[in-house]
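Notes for the one structure printed next.
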Amino acid sequence: MPGAEHLRDCDILIDLLKEQKAKGKIYAAVCASPAVVLQAKDLIDTAGHTCYPAPGFRSTMKDPVDTDVVVQENVATSKGPGTSLKFALSLGEMLYGKEMADQIATQMLVVR
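The sequence shown: position 74 = 74 (full-length UniProt numbering), numbered continuously.
Written as structure tokens, this is what we have:
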């Protein structure tokens, strides 16, 4: 995916992501980027994350899971555009708590 490759090759972005990781702050990726960016740049320490379900991406991940969204500690990953709403609500929960994320989901008529 050219977009993910461009992100992977952006030194400024990679430096920012490494800083987020070092400080224990939240960072996330969706679609091909968990594999092409986070895994390739050693920004995922644990197995069990998700990415776009193409074999070329999944084969680079440490024990990938077939789940729409994965949150482990301060890292969130998601499969792709179709899972972006679940991904956004998960990020909201990481930042503001489950109660706030549930309130937003309810107002948006989303079943969590």
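Cβ atoms here follow ideal geometry from the backbone N, Cα and C, with glycine treated the same way.
_Spatial neighbours of residue 136 within its chain, please: C-beta separation below 6 Å, excluding the five flanking residues on both sides._
Because residue 136 is not part of the residues shown, which for the chain are 1 to 112, the question remains open.
*beta strand (DSSP E) containing Q72: first to last residue?*
The count along the sequence shown starts at 1 and reaches residue 72 at position 72. Unbroken beta strand (DSSP E) run through Q72: 69-72.
*What separation, rounded to the nearest whole angstrom, lies between the Cα atoms of I44 and L7?*
Translated into the one-based positions of the sequence shown, residue 44 becomes position 44. Translated into the one-based positions of the sequence shown, residue 7 becomes position 7. Each residue's alpha carbon lies about 16 Å from the other.
*How about V75 and K86: are their beta carbons less than 9 Å apart?*
Walking along the sequence shown from the start, residue 75 turns up at place 75. Walking along the sequence shown from the start, residue 86 turns up at place 86. The answer is no: Cβ separation not under 9 Å.
*Spatial neighbours of D102 within its chain, please: CB distance less than 6 Å, with the 5 preceding and 5 following residues excluded, ordered by chain position.*
Here residue 102 is taken as the residue at index 102 of the sequence shown, counted from 1. Excluding sequence neighbours, D102 sits near nothing in its chain.
*Mind checking which residues open and close the beta strand (DSSP E) that includes A28?*
Position 28 of the sequence shown holds residue 28. First-last of the beta strand (DSSP E) with A28: 27-30.
*For V65, which residues of its own chain have a beta-carbon under 6 Å away from its beta-carbon, when the five flanking residues on both sides are left out?*
By one-based count along the sequence shown, residue 65 stands at place 65. Taken in chain order, the residues that qualify are G48, T50.
*Going along the chain, which residues of its own chain have a beta-carbon closer than 6 Å to the beta-carbon of I26, five neighbours each way excluded?*
For the purposes of this step, residue 26 is taken as the residue at position 26 of the sequence shown. Cβ neighbours of I26 beyond the five flanking positions: N74, M94.
*Residues near S78 by beta carbon distance below 6 Å, same chain, minus five either side*: Residue numbering aside, residue 78 sits at position 78 when the sequence shown is read from its first letter. Here the set comprises V30, V69, F87.
*So, T46 versus Q72, is the Cβ gap smaller than 9 Å?*
To locate residue 46, count along the sequence shown from 1; it is residue 46. To locate residue 72, count along the sequence shown from 1; it is residue 72. Yes, these two residues count as a Cβ contact at 9 Å.
*Are V37 and L16 close, meaning C-beta to C-beta below 9 Å?*
By one-based count along the sequence shown, residue 37 stands at place 37. By one-based count along the sequence shown, residue 16 stands at place 16. No, Cβ-Cβ distance for V37 and L16 is not below 9 Å.
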